[in-house]
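Protein chains in written order, with my numbering: chain L, 127 to 244; chain A, 197 to 309.
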């Protein structure tokens with residue numbers, strides 16, 4: 127089974143630009159989560175999508191947005207880039223049932239997109 | 197807000213020594229997961245603990261979930277160079293909704309051969 131695929135692997139953008147990152151989950155996984163990883167802050171939760179609906183959202187400004195398509199593929203967009211947005215952006219998919227409300231399923235992470243804002 | 201604190205931030209050991217990382221939550225957790233991230237890699241799921249006081253072993257790795265479900269630990273016996281990486285705990289808050297795991301900042305383990 128193919129793993130989680132993120133594209134592109136590397137991106138260099140300048141302040142003020144916008145960027146779109148893509149994530150293809152493991153086949154059959156309907157939940158896609160996005161995390162920002164930086165050396166100082168560790169892994170910070172951005173948002174989670176399930177069946178094209180944003181189910182959870184972390185504490186990030188509105189410049190960070192995402193969406194999920196009917197095939198479970200997901201994209202996240204960052205507008206008006208700031209220097210502080212430089213980070214590794216990780217996408218993770220998991221198997222989850224909408225009615226299964228007790229425990230999180232394990233996350234399967236992609237290799238990430240390394241975004242550098244200059 | 198809900199936080200998961202992880203200590204130590206760094207640990208340097210000689211190969212063959214033991215290693216332990218601790219995870220503490222400000223609130224009761226529904227369950228806790230552990231991940232390992234190798235240098236240059238992505239986090240990889242290791243294990244999930246659900247029950248109060250639960251202990252699970254994977255070869256040289258021992259995972260514990262506290263009785264109050266607010267803390268957890270990962271202990272590695274006789275470390276090897278292949279254990280190098282950053283170990284993260286991730287907790288699901290009891291009252292939080294699915295999909296929102298709160299990660300600790302990780303413990304970076306280096307092993308000197």
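Glycine included, C-beta positions come from ideal geometry on N, C-alpha and C.
Predicted model, so just to flag it, every value in this text is computed and none were measured.
For residue 182 (chain L), the enclosing beta strand (DSSP E) starts and ends at 179 to 183. Using a Cβ-Cβ cut-off of 9 Å, residue 182 (chain L) counts as an interface residue toward chain A, since at least one Cβ of chain A sits closer than that to its own. Non-local beta-carbon contacts of residue 286 (chain A) in its own chain, meaning distances under 6 Å to residues more than five positions away in sequence, involve 229, 297 and 299 in chain order. In chain order, 229, 241 and 244 make up the part of chain A whose C-beta sits under 7 Å from the C-beta of residue 232 (chain L). Secondary structure note for residue 201 (chain L): its beta strand (DSSP E) is the uninterrupted segment 200 to 204. With a cut-off of 8 Å on Cβ pairs, the stretch 245 to 254 of chain A is not in contact with the stretch 236 to 243 of chain L, counting fewer than three such pairs.
Going by DSSP, residue 286 (chain A) is part of the beta strand (DSSP E) stretching over 281 to 289. At least 9 Å separates the beta-carbon of residue 185 (chain L) from that of residue 159 (chain L). For the stretch 255 to 279 of chain A, no residue has a beta-carbon sitting nearer than 8 Å to a beta-carbon of chain L. Judged by their CB atoms, residue 240 (chain A) and residue 307 (chain A) are not nearer to each other than the 9 Å cut-off.
As summarised for the stretch 135 to 176 of chain L, the continuous beta strand (DSSP E) elements at least 3 residues long and confined to that stretch are 136 to 139, 145 to 150, 157 to 164 and 168 to 176, given in chain order. Our two residues, residue 200 (chain L) and residue 150 (chain L), have alpha carbons roughly 7 Å apart in a direct line. Beta-bridge partners of residue 233 (chain L) (DSSP): none assigned. In terms of beta-carbon proximity, residue 238 (chain A) lines the interface with chain L, with at least one pair separated by less than 9 Å. At a cut-off of 9 Å, the C-beta of residue 288 (chain A) has a neighbouring C-beta in chain L. When 9 Å is used as the limit between beta carbons, residue 216 (chain L) is near these residues of chain A: 238 and 239, in chain order. Closest option to residue 141 (chain L), judged by alpha-carbon separation, among L:212, L:164 and L:152: L:212.
Considering only L:170, L:127 and L:206, the residue with the shortest C-alpha distance to residue 216 (chain L) is L:170. Between residue 259 (chain A) and residue 269 (chain A), the CB-CB gap stays under 9 Å. The Cβ atoms of residue 130 (chain L) and residue 210 (chain L) do not sit closer than 9 Å to each other. Measuring C-alpha to C-alpha distances from residue 239 (chain L) to each of L:233, L:222, L:180 and L:204 identifies L:204 as the nearest.
Taking C-beta atoms as the reference points, residue 218 (chain A) and residue 267 (chain A) count as a pair closer than 9 Å. Under the three-state reduction of DSSP, residue 216 (chain L) is assigned to strand.
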